[in-house]
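S.K.: Our numbering applies: residue 26 is where the sequence shown begins, and numbers increase by one.
All residues carry an ideal CB built from backbone N, CA and C; glycine is no exception.
Computed from a predicted model, the values in this text were never measured in an experiment.
My structure is below; once you've seen it, I'll send some questions.
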Amino acid sequence: MLHLRSHSVALISVGNELLIGKTVNTNHSWLARRLTILGYEVKVGLTVRDVCEDIEWAFRTAVELGCGVVISTGGLGPTFDDMTVACMAKAFGLPLVKNEEALRMIEEKYSAKGLPLTEHRVKMAMLPEGGRPLPNRVGTAPGVLLEHGGVLAIALPGVPAEMKAIFEDHVEPILRERGPPVRIAEKFLRSTGVPESSAAPVIDRAMKVSPRVYVKSHPAGGELTEPVLKIHIQASADSVEEAREIVERAAEVLRAGLTELGARVEEVNEL
């Protein structure tokens, strides 16, 4: 298992659409919060064009700054401007090779739709030598994980739903295992009678209790018929007691705010 050179992180966002203001970079803020909860320090965020020399520069800069974890979003896929993985390989001085596991993942996705493997689709199976694919249960392009010289480099899709799925399924467990010694506490609430869209401002307020708290709602009923929300509160701190205290403060904000909106709120054992 790779020993990380540090627990500092660089987040690299790839895409012209981010730089011209067409797309708001929600991926950065989402990842930064999750990484903070895990005890990592987000040292730098870099946003670059869909230009290989710029992407290479971003990866090299992250390494030069001493980051032990480098996570990029965007630039994965079959089109000509999806070049993040190839540029990551160049930044680390590694050749691109066809990864059979990645090819199998991609082939299964397309064959399920009755579509053939084309040259452009096979492109998504080209990984840096020594890299491994991360399954994408939402989309087609797998993420990529590379361990090299004390650095854990990870390339994720730019589509938020795909990025979050790969991070939660495959990246977070690795980071949790290799991260600094933090303590985590969590609580589960069930809210009935208020739709998620109405609860959103209350959830936003609960998230502001601490930079190390994360609140996620999971709709379980109809938005306009019988709205039910399952809410997961998670926080990290140096001690279990402190983490529990943060969770309880966030839970109290949720209870008060949702009750005021007419919801019935109860604590449950799990989602």
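1. In the DSSP assignment, find the unbroken beta strand (DSSP E) run with leucine 121 in it and report its ends.
2. Where does glutamate 144 land, buried or exposed, given buried means 16+ other C-beta within 10 angstroms?
3. Does DSSP put methionine 130 in a helix, in a strand, or in coil?
4. Return the chain-ordered list of same chain residues with a C-beta closer than 8 Å to the C-beta of alanine 57, the five sequence neighbours on each side being excluded.
5. Where does glycine 70 sit, in a helix, a strand or coil, going by DSSP?
6. Taking contact to mean at least 3 C-beta pairs separated by less than 8 Å, is the stretch 143 to 161 in contact with the stretch 177 to 191?
7. According to the Cβ coordinates, are tyrosine 65 and glycine 204 closer than 8 Å?
8. Would you decide whether lysine 241 is buried or exposed? Buried here means 16 or more other CB atoms lie within 10 Å of its CB.
9. Can you tell which of Val234, Gly246 and Ser264 has the C-alpha that lies nearest to the C-alpha of isoleucine 258?
10. Can you find the residues in the same chain that come closer than 6 Å, C-beta to C-beta, to alanine 245, ignoring five residues on each side of it along the sequence?
11. Thinking C-beta only, is leucine 177 closer than 8 Å to arginine 157?
M.R.: A quick look at the data gives this:
1. 121 to 123
2. exposed
3. helix
4. Leu36, Val67 and Gly70
5. strand
6. yes
7. yes
8. exposed
9. Val234
10. Val253 and Lys255
11. no
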